[in-house]
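Structure representation (structure tokens):
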């Protein structure tokens, strides 16, 4: 059962675990991303959705993108099977406007046309928690956090001693999934190691109903590690690292239509972060950290219309950051910090008789922020933040955020937020020798939301509602006549409503649901592609006969548009699999062999729905998988 922490400033996190004698468990009411410090969600004005490790495991779907799509305000699309190009949006803002961090390491692809994170190959088997912070958050996180922030953390030890966990799964499309994690904790420190592997023969990325039959396979291996050493009661040192290798196939586009092609890609990404936490005798908490992210990707294309080519991109990001926290009074908490990031990008494009290798390009951005959390009364908390960033190309830009949480009753929270944000132009948009424009300024944003949440029936039921609005100005667009990037005066807007509810009848039956209405438009009133107006997710979960667990979830999409696929004449390409409305149902059934081990089967697209999330690209037919998972 998914938690209903869909609104921060609402409710503690309720989780129904699967397996023998499952019971609702009330977890510690703490969120980490909303204020860049551990915060009580009932006293936080920001809007946050949270998924925990037990919830991710109980759902069963292997990729992060598959699971966050059921959260209110989140939209996901993918150009084919696992590993192919994917995208997501938060409240109508595409991924270029969303910052993603894994164990504090920013993973946005600095080599992309627009700096944006990819979640295509991120497996849930390597994850202990996901927080989706919504609304413009540049006042705390700097650039790119226009639509929100997704914070991912690796699994951690849950108590003293050694913990082991593994999962083995196989099924349709010759798919194999395996993962092992080891975690430990003593009075001297803690550590966690994870190794995950996924491989599949896949299916055609280009829509099979249009006659495409070539399977597009994918394989990935990911290794991650985290650790913390307790040097004293006031000082810890910490570290995190990951390494991921990916290889896969993808299809090409000819005159706007995806078609079979023997194109391949391989990518290696790795990241490191380390630092120290220490608290002074005066109560000043400090964090100093250094992180590094590196990406190396090669695409070998074989386009039926344009021939073969090879495109390699390399990039890296180094970040230094400081965070501080201090409480000058019982009712006031202060957070403050500064950071500096330096990015480099390198590209190498080759085709028969041609090679383009622009020089290495780089840029830097530095910023600082201060935030005050003021408990005006026991039932009223005001949070205010301000930040200033300086960029190596366009200069400085200020941002701010204001949130309010009011508890008119112990089980009710009314919350609101107002924030500004910006997206810095990418190195490609600035420096590309053919298309770049060094005069570009940042895109800017303003967002607001207002929500209410209530918990009832001694915690067995929860309900929440939020209205939101986001406007992005000074959009950077590409001119098809001059083939250069330019700044437009138009604004992109998205507005909508998020609803969520939970009701736990007993151990055997619990119902959850979320609905999002999103009206997302580009300048001139043109609807954003691949953002449905209506998105409904429903799930029923529980345990039967003590050892049998089940999870049945459905995603309903209405009024979806995608005019991005166009022929040379400008006409929208039609495909046999395209539909504006669709319903996808997934299911999982598990049997707890012991209190530590479970065997299970799961079905993807149970009723074999024919649909597309991106025009012209296939989605999975009905597929079945079986596996075993254990903890000891």
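Numbering (the working numbering), first residue to last: 1 to 632.
The C-beta atom is built at its ideal place from N, Cα and C for all residues, glycine as well.
Margin query: Extract the residue ranges of the beta strand (DSSP E) inside the region 298-378, only unbroken runs of 3 or more that lie entirely within it.
Written below: 307-329, 332-351, 354-356, 361-377
Item checked: Straight-line Cα distance separating residue 499 from residue 455 -> 14 Å
Note to self: Considering only the alpha carbon of each residue, which of 418, 472, 199, 410 lies closest to residue 457?
What the structure shows: 410
Notebook entry, point to check: What residues match up with residue 197 in a beta bridge as DSSP calls it?
Noted result: 178, 221
Notebook entry, point to check: Closest to residue 443 by CA distance: which of 475, 108, 630 is it?
Noted result: 475
Check: When the distance is taken between beta carbons, is residue 93 closer than 7 Å to residue 53?
Finding: no
Notebook entry, point to check: Which value, in whole angstroms, describes the spacing of the CA atoms of residue 185 and residue 34?
Noted result: 27 Å
Item checked: Length of the line joining the Cα atoms of residue 487 and residue 467 -> 30 Å
Checklist line | Rounded straight-line distance, which links the Cα of residue 110 to that of residue 346 | finding: 10 Å
Margin query: Excluding the 5 residues flanking residue 295 on each side, which residues of the same chain have their C-beta closer than 8 Å to its C-beta?
Written below: 109, 110, 111, 267, 268, 269, 313, 314, 315, 316
Checklist line | CB-CB length for residue 405 against residue 45, believed under 8 Å | finding: 4 Å
Next item on the list: Consult DSSP for residue 138 and reduce its assignment to one of helix, strand or coil.
Entry: helix
Next item on the list: Return the chain-ordered list of same chain residues with a C-beta closer than 7 Å to the C-beta of residue 533, the five sequence neighbours on each side being excluded.
Entry: 517, 518, 519, 558, 559
Margin query: Taking the straight line between their C-alpha atoms, what separation do you get for residue 602 and residue 288?
Written below: 44 Å
Notebook entry, point to check: Distance, Cα to Cα, residue 361 vs residue 431?
Noted result: 7 Å
Checklist line | Delimiting residues of the alpha helix (DSSP H) encompassing residue 427 | finding: 427-431
Notebook entry, point to check: Is it true that the region 212-219 meets the region 248-261, where meeting means three or more beta-carbon pairs spaced less than 8 Å apart?
Noted result: yes
Next item on the list: Evaluate residue 302 with the Cβ neighbour count: other Cβ atoms within 10 Å of its Cβ, from every protein chain shown; 16 or more gives buried, anything less gives exposed.
Entry: exposed
Next item on the list: Would you check if there are 3 or more beta carbon pairs closer than 8 Å linking the region 176-196 to the region 228-235?
Entry: yes
Checklist line | Residues near residue 351 by beta carbon distance below 6 Å, same chain, minus five either side | finding: 309
Item checked: Alpha-carbon spacing of residue 224 relative to residue 242, whole angstroms -> 4 Å
Next item on the list: Measuring alpha carbon to alpha carbon, tell me which of 535, 531, 525, 337 ends up nearest residue 515.
Entry: 535
Notebook entry, point to check: Considering only residues of the same chain and omitting the five flanking positions on each side of residue 511, which have a CB-CB separation below 6 Å?
Noted result: 503, 540
Notebook entry, point to check: If you follow the beta strand (DSSP E) that residue 446 is part of, which residue opens it and which one closes it?
Noted result: 443-456
Check: Which class does residue 419 belong to by DSSP, given the choice of helix, strand or coil?
Finding: strand
Checklist line | Distance between residue 125 and residue 438 (C-alpha atoms, nearest Å) | finding: 42 Å
Notebook entry, point to check: What is the DSSP secondary structure of residue 557, counted as helix, strand or coil?
Noted result: strand
Notebook entry, point to check: Would the beta-carbon of residue 273 fall within 7 Å of that of residue 104?
Noted result: yes
Note to self: Is the separation between the beta-carbon of residue 220 and that of residue 198 shorter than 7 Å?
What the structure shows: yes
Next item on the list: Tell whether a beta-carbon distance below 7 Å holds between residue 490 and residue 501.
Entry: no
Next item on the list: Under 7 Å Cβ to Cβ from residue 522, same chain only, skipping five residues before and after it: list those, please.
Entry: 492, 528
Checklist line | Counterpart residues of residue 406 in DSSP-defined beta bridges | finding: 380, 414
Next item on the list: Express the C-alpha separation of residue 599 and residue 170 in angstroms, rounding to a whole number.
Entry: 12 Å
Item checked: Selected residue, minimal CA-CA separation from residue 597, among 630, 585, 626, 574 -> 630
Note to self: With three or more C-beta pairs closer than 8 Å as the rule, is the region 159-169 touching the region 77-91?
What the structure shows: no
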